[in-house]
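Number of protein chains: 2
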Amino acid sequence: MNSTRKQEIINIASRLFKERGYNAVSMRDIAQAMDMKAASLYNHISGKQEILATLILEVAEEFTEKMNSIASETSTPLQKIKKVIEVHIDITVNFSEHIATLNNDWIHLEGVSLKRVVKMREDYEDNFRNIIKQGISEKQIKPQHPEVILFSILSTLRTLYLWNEKRGKMDVNVLKKDMVSVLINGIV
Amino acid sequence: MNSTRKQEIINIASRLFKERGYNAVSMRDIAQAMDMKAASLYNHISGKQEILATLILEVAEEFTEKMNSIASETSTPLQKIKKVIEVHIDITVNFSEHIATLNNDWIHLEGVSLKRVVKMREDYEDNFRNIIKQGISEKQIKPQHPEVILFSILSTLRTLYLWNEKRGKMDVNVLKKDMVSVLINGIV
DNA sequence: AAACAAAACTAACGATTGTTAGTTAGATAT
DNA sequence: ATATCTAACTAACAATCGTTAGTTTTGTTT
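For the protein sequence lines, the chains are F and E, in the order given.
Position 34 (the first sequence) corresponds to 34 in my numbering; numbering is contiguous.
Position 132 (the second sequence) corresponds to 132 in my numbering; numbering is contiguous.
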């Protein structure tokens, strides 16, 4: 199977897309980073779009699986939110290259892949929103507009990859503890 | 002066950049949206880069001014943070198109403009970080890692433009109140 | 009415883009 | 040894890109 070589291409492309964005990276750029010529890439992938789609779906599916698992747990809304934060941090650390592309370049997906990723994103947000609403109705969470809570937490988690590198030596478990504390209990 | 026509171009480009990103928008796209031919744009601007640079610097300077003003105030760190949040919301609402480009396409700036924007961004973060550190040392803020607090608040503010449209009829002042509450006091 | 400047136009340039066709080198299987 | 298959190569394509040169239209000033 060419699957290992294909994965190599995707990983290298992932790094370049993160640095410069999908449209600013040419097939010749990817090929050069792979030490081959652009035309040779087509022995392993069908085109630039396939690289983008595979790349993004790999990590999007990771998020979807984990969220579905959390949503169907039998625990309190607050415990679920804590889990969501931790899972997000884990995925960000493990797929640190892919995440930038998921966040910035999903717009450049076409056709079915675009539809699929948008749907997954919506479902993810719906799940999260429902957990928050549940928490409010159980009086575990302040009766604030759910949308404000949802996007406060979600934007922080989604852009975590941007400063994850700067976090330097901060241990992942410390990071989890701190972020859970800040996002749930505030800063005062 | 051609300054009004130039501003028209920048505003239209701003809308297109927001929707598709800098690299996916051609000069011919901008021209078409302006009801003219691409070559005619060059009567008003020197090139695509100038559009991007002017666009981004317009709003970046807004942030810098406001932050400098807040930093030099004589008020408690917590009051300053509240002000920063409110200012961010105001600018996001007033420059809703520009903000997307500032956030996503600043990487595509070149030369002096790039250097300048990066510097402004760093200064802005430094100011914010110092306010937080001050708050911690005055025991107004929990002794958490300042970086976690800084980026939790900042990522939420920076991506506000993404869901600002969905916020629908929510009044700006209500939004300010809710966000200050969530970001400072948490959700429980 | 003549002169002028501003802002639009047409046409074209060199460079780069994603992709295809056809070919060749190297490894594996018969 | 021969045939087969994989994965690399060279060369080229049509399309699109940002930009320039030269020209014409439009509107204002004298």
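Ideal placement from N, C-alpha and C gives every residue a C-beta, glycine not left out.
Please read these numbers as outputs of a predicted model, since none were measured by experiment.
Say the cut is 8 Å; is the CB of residue i nearer than that to a heavy atom of the ligand ADP?
| i | result |
| --- | --- |
| Ala60(F) | Ligands displayed in this structure: none; no statement on the ligand ADP is therefore possible. |
Would residue i count as contacting chain E if we go by Cβ distances under 9 Å?
| i | result |
| --- | --- |
| Met120(F) | no |
| Thr156(F) | yes |
| Glu97(F) | no |
| Glu138(F) | no |
| Gly191(F) | Lying before the first or after the last residue shown, residue 191(F) is absent from chain F, which here runs from 1 to 188. |
| Lys83(F) | no |
| Lys166(F) | yes |
| Ser181(F) | yes |
| Leu52(F) | no |
| Asn191(F) | The displayed coordinates of chain F run from 1 to 188. Any statement about residue 191(F) would go beyond what the structure contains. |
| Met170(F) | yes |
To the nearest angstrom, how far is the alpha carbon of residue i from that of residue j?
| i | j | result |
| --- | --- | --- |
| Ala13(E) | Lys48(E) | 10 Å |
| Glu97(E) | Phe128(E) | 24 Å |
| Pro146(F) | Glu125(F) | 11 Å |
| Pro77(F) | Ser181(F) | 15 Å |
| Leu16(F) | Ile136(F) | 42 Å |
| Ile99(E) | Thr92(E) | 7 Å |
| Glu50(F) | Ser26(F) | 14 Å |
| Lys82(E) | Trp106(F) | 33 Å |
| Glu138(F) | Gln79(F) | 13 Å |
| Asn23(F) | Leu109(E) | 15 Å |
| Gly168(F) | Asp29(F) | 29 Å |
| Thr4(F) | Asp90(F) | 24 Å |
Against chain F, with Cβ distances strictly below 9 Å, would residue i count as a contact?
| i | result |
| --- | --- |
| Ala60(E) | no |
| Leu162(E) | yes |
| Leu78(E) | yes |
| Ser14(E) | no |
| Val188(E) | yes |
| Phe151(E) | yes |
Next item on the list: Count the CB pairs spanning the stretch 149–161 of chain F and the stretch 178–187 of chain E that are closer than 8 Å, and state whether there are at least three.
Entry: yes
Note to self: For the stretch 116–133 of chain E against the stretch 173–181 of chain E, do three or more pairs of beta-carbon atoms, one drawn from each stretch, fall closer than 8 Å, so that the two count as touching?
What the structure shows: no
Next item on the list: Quick one: which residues of the stretch 8–36 of chain F get their C-beta closer than 9 Å to a C-beta of chain E? List them in chain order.
Entry: Glu19, Arg20, Gly21, Tyr22, Asn23 and Ala24
Check: At a cut of 8 Å, does the stretch 48–64 of chain F reach the stretch 133–147 of chain E through at least three beta carbon pairs?
Finding: no
Check: Using a beta-carbon distance cut-off of less than 9 Å, what residues from the stretch 89–113 of chain E approach chain F?
Finding: Asn104, Asp105, Ile107 and His108
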